[in-house]
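One structure is given here, and the rest of the page talks about it.
2 protein chains.
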Amino acid sequence: MDKPEIQDDSSEQRIFDAAHEVFVQKGLHGAKMQEIADRAGINKALLHYYYRSKEKLYETVVRAVINRVLPVLRDLLESDKPLLEKIDYFIHFYLQTVSKNPFVPLFLINEMNKNPDHFFETIFPKELPKPDRFFQQVQSAVEAGEIKPITPQHLIVNVISMCIFPILARPMLGVILGMQAHDMRAFLNQREVEIRSFVHAALRPAP
Amino acid sequence: MDKPEIQDDSSEQRIFDAAHEVFVQKGLHGAKMQEIADRAGINKALLHYYYRSKEKLYETVVRAVINRVLPVLRDLLESDKPLLEKIDYFIHFYLQTVSKNPFVPLFLINEMNKNPDHFFETIFPKELPKPDRFFQQVQSAVEAGEIKPITPQHLIVNVISMCIFPILARPMLGVILGMQAHDMRAFLNQREVEIRSFVHAALRPAP
DNA sequence: GTCTATAAAGGGATAGAC
DNA sequence: GTCTATCCCTTTATAGAC
Chain A
483 MDKPEIQDDS
493 SEQRIFDAAH
503 EVFVQKGLHG
513 AKMQEIADRA
523 GINKALLHYY
533 YRSKEKLYET
543 VVRAVINRVL
553 PVLRDLLESD
563 KPLLEKIDYF
573 IHFYLQTVSK
583 NPFVPLFLIN
593 EMNKNPDHFF
603 ETIFPKELPK
613 PDRFFQQVQS
623 AVEAGEIKPI
633 TPQHLIVNVI
643 SMCIFPILAR
653 PMLGVILGMQ
663 AHDMRAFLNQ
673 REVEIRSFVH
683 AALRPAP
Chain B
483 MDKPEIQDDS
493 SEQRIFDAAH
503 EVFVQKGLHG
513 AKMQEIADRA
523 GINKALLHYY
533 YRSKEKLYET
543 VVRAVINRVL
553 PVLRDLLESD
563 KPLLEKIDYF
573 IHFYLQTVSK
583 NPFVPLFLIN
593 EMNKNPDHFF
603 ETIFPKELPK
613 PDRFFQQVQS
623 AVEAGEIKPI
633 TPQHLIVNVI
643 SMCIFPILAR
653 PMLGVILGMQ
663 AHDMRAFLNQ
673 REVEIRSFVH
683 AALRPAP
């Protein structure tokens, strides 16, 4: 039951899927309505029949992408699982999701940077993930001597950074580290265990 | 002596500066020649007089940005300073540079992802930073028991990720962590010391 | 609902005067 | 070197037939 939506192949759905693909890869201005229509196998006029304008179609896609990504972050911040278990799961899940859709993080980052007001005021859901539970868990773990003292905000940012950034910078990493596509896939697959052990090592209490 | 180029206010220079600003913030397709001309305080036709086409002007900007960013990476990888000192300096310098030009990393990441062939085959310098020296230093430090065993490739990726990603995701972090612009600046300023201590902690040899 | 044809606007590029 | 005017292709959007 991964996808509650009906996976029909109605024109509306086909248009949405095509738009998703094109917008995520090329951005608002890079995407052309003609290409979306071609990829959906229908006519340009039909795009406007279902979604009134390019902007509207774009917004639909952005909203869908956000709603697919946000629950994982919410789980990291709000769920009651033990701290390290949560972090490990988050790393696992984000790396997995992102390796299937490598353009999604870049797409979202662009959107929030180019048009922050529109992004957060009209597209983003009003019920934000609340980080308090997570902060509190870190606090407790520090006091119990289970982990080294650390600011929870920085911890979470560190973990997310190490998961997502390598995907964004993949082309550059390939060139600098001299990796072919094949080595790069292997490298990215190793990252789950590497990030986990790096984070665990950083959190070890001082002797 | 930060900038060897002459900082004249010739039309050519003004056009370049304006183009830099607009392209870096809006990307190739988002940027309009009219806006660049307006910002440079000259006419659209003059853009074509100095730089034959939009593409050419864009490429000039991309090349300039790369050449400003690359030396720091080269220093991290190739210089002979002790490992931890190099890492600390890299963190310091990148955070400083990037906080002054927050859009530059996103600009480069977009460029390399949307058009990797053009980026690496025709724009990127042929003499790549070579990571061998850095790898070797990590290797030695591990063997000498100075740091915990770690794959050098992952170490470097971890450090760069933690430096750059928070800038990319800043708008989101602000919203999720409930920070205003002021808190966010403070937070980003703390990162230098936080990243450094996180990395040092992760590298502590096991007892 | 889906198409063809076309309007309307936008934006890169050039001609030619000064 | 710099400007005004204009060309013309691209792209979004609509009208109207089926």
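Just so you know, the protein sequences line up as chains A and B, in that order.
The first sequence begins at 483 in our numbering and counts up one residue at a time.
The second sequence begins at 483 in our numbering and counts up one residue at a time.
C-beta atoms are modelled at their ideal positions from N, C-alpha and C, and glycine is treated no differently.
Point to revise | Contact set for arginine 678 of chain A: own chain, Cβ-Cβ below 7 Å, skip 5 residues either direction | key: By the criterion of a C-beta distance shorter than 7 Å, arginine 678 of chain A is surrounded in its chain by Asp570, Ile573, once the five residues flanking it on both sides are discounted.
Practice item. Starting from the C-beta of phenylalanine 617 of chain B, find all residues in its chain whose C-beta is less than 6 Å away, skip the five residues before and the five after it, and write them out in chain order. Key: Taking C-beta separations shorter than 6 Å and ignoring five residues to either side along the sequence, the partners of phenylalanine 617 of chain B in its chain run Pro634, following chain order.
Review point. How would you list, in chain order, the residues of chain A whose beta-carbon sits under 7 Å from the beta-carbon of serine 643 of chain B?
Key: Ser643, Met644, Phe647, Pro648
Review point. With respect to 7 Å, is the separation between the Cβ of glutamate 674 of chain A and the closest non-hydrogen atom of the ligand GDP below this value?
Key: Of ligands this structure carries none, so the ligand GDP is not represented either.
Review point. Out of A/Leu528, A/Pro613, A/Ala500, A/Leu659, which has the shortest C-alpha to C-alpha gap to serine 561 of chain A?
Key: Serine 561 of chain A has its Cα closest to that of A/Pro613, out of A/Leu528, A/Pro613, A/Ala500, A/Leu659.
Practice item. For the stretch 616 to 634 of chain A, enumerate the residues whose C-beta is nearer than 7 Å to any C-beta of chain B, in chain order. Key: Correct list: Lys630, Thr633.
**Study point:** Contact the stretch 587 to 605 of chain B vs the stretch 649 to 669 of chain A: 3+ CB pairs below 8 Å
**Key:** yes
Review point. Near isoleucine 518 of chain A, which residues of its chain fall below 6 Å by C-beta distance, leaving aside the five closest residues on each side in sequence?
Key: Closer than 6 Å at Cβ, skipping near neighbours: Ala500, Ala501, Val504.
Review point. Under the rule that 16 or more other beta-carbon atoms within 10 Å means buried, what is leucine 510 of chain A, buried or exposed?
Key: buried
Review point. Taking 8 Å as the CB-CB limit, is histidine 511 of chain A close to chain B?
Key: yes
Review point. When Cβ atoms are compared, which residues of the stretch 661 to 688 of chain B fall closer than 9 Å to chain A?
Key: From the stretch 661 to 688 of chain B, only Met661, Phe669, Gln672, Arg673, Glu676, Ile677, Ser679, Phe680, Val681, His682, Ala683, Ala684, Leu685, Arg686, Ala688 have a Cβ closer than 9 Å to chain A.
**Study point:** Closer than 8 Å to chain A by CB, valine 543 of chain B
**Key:** no
**Study point:** Same chain, Cβ closer than 8 Å to alanine 688 of chain B, five either side skipped, listed in chain order
**Key:** Lys630
Review point. Would a check of beta-carbon distances place phenylalanine 505 of chain B closer than 8 Å to chain A?
Key: no
Review point. If we call anything under 8 Å between Cβ atoms a contact, is alanine 684 of chain B one with alanine 663 of chain A?
Key: Pairing alanine 684 of chain B with alanine 663 of chain A gives a Cβ-Cβ distance that is not under 8 Å.
Point to revise | Partners in chain B for leucine 655 of chain A, counting only beta-carbon separations shorter than 7 Å | key: Val639
Practice item. Give a yes or no on contact between the stretch 546 to 561 of chain A and the stretch 595 to 611 of chain A, applying the rule of three or more CB pairs nearer than 8 Å. Key: yes
Check your understanding: Taking the alpha-carbon positions, what's the histidine 600 of chain B to isoleucine 658 of chain A distance?
Key -> 16 Å
Review point. Going along the chain, which residues of its own chain have a beta-carbon closer than 7 Å to the beta-carbon of glutamate 674 of chain A, five neighbours each way excluded?
Key: Ile573, His574, Leu577
Practice item. Verify whether the separation of the beta carbon atoms of arginine 496 of chain B and alanine 522 of chain B is less than 8 Å. Key: yes
Review point. Would you call tyrosine 533 of chain A buried or exposed, if buried means 16 or more other Cβ atoms sit within 10 Å of its Cβ?
Key: buried
Review point. Along the chain, which unbroken stretches of the alpha helix (DSSP H) at least 4 residues long are found entirely within the stretch 573 to 640 of chain A?
Key: 586 to 596, 614 to 625
Review point. Buried or exposed: alanine 527 of chain B, going by 16 or more other Cβ atoms within 10 Å of its Cβ?
Key: exposed
Check your understanding: Exposed or buried, glutamine 697 of chain B, counting other C-beta atoms within 10 Å across all chains shown (16 or more means buried)?
Key -> Because chain B here runs from 483 to 689, residue 697 of chain B falls outside it and cannot be looked at.
**Study point:** Close beta carbons around asparagine 583 of chain A, own chain, < 7 Å, minus the five adjacent residues each side
**Key:** Cβ within range, chain order: n/a, list empty.
Point to revise | Partners in chain A for asparagine 592 of chain B, counting only beta-carbon separations shorter than 9 Å | key: Gly509, Leu588, Asn592
Check your understanding: By a C-beta neighbour count over all protein chains shown, 10 Å radius and 16 as the cutoff for buried, is serine 622 of chain B buried or exposed?
Key -> exposed
Review point. Under three-state DSSP, which class holds proline 486 of chain B?
Key: With a pLDDT of only 45 at proline 486 of chain B, under the threshold of 50, the placement of this residue in the model should not be trusted; the figure read from the coordinates follows. Looking at proline 486 of chain B - three-state DSSP - the assignment turns out to be coil, as it is neither helix nor strand.
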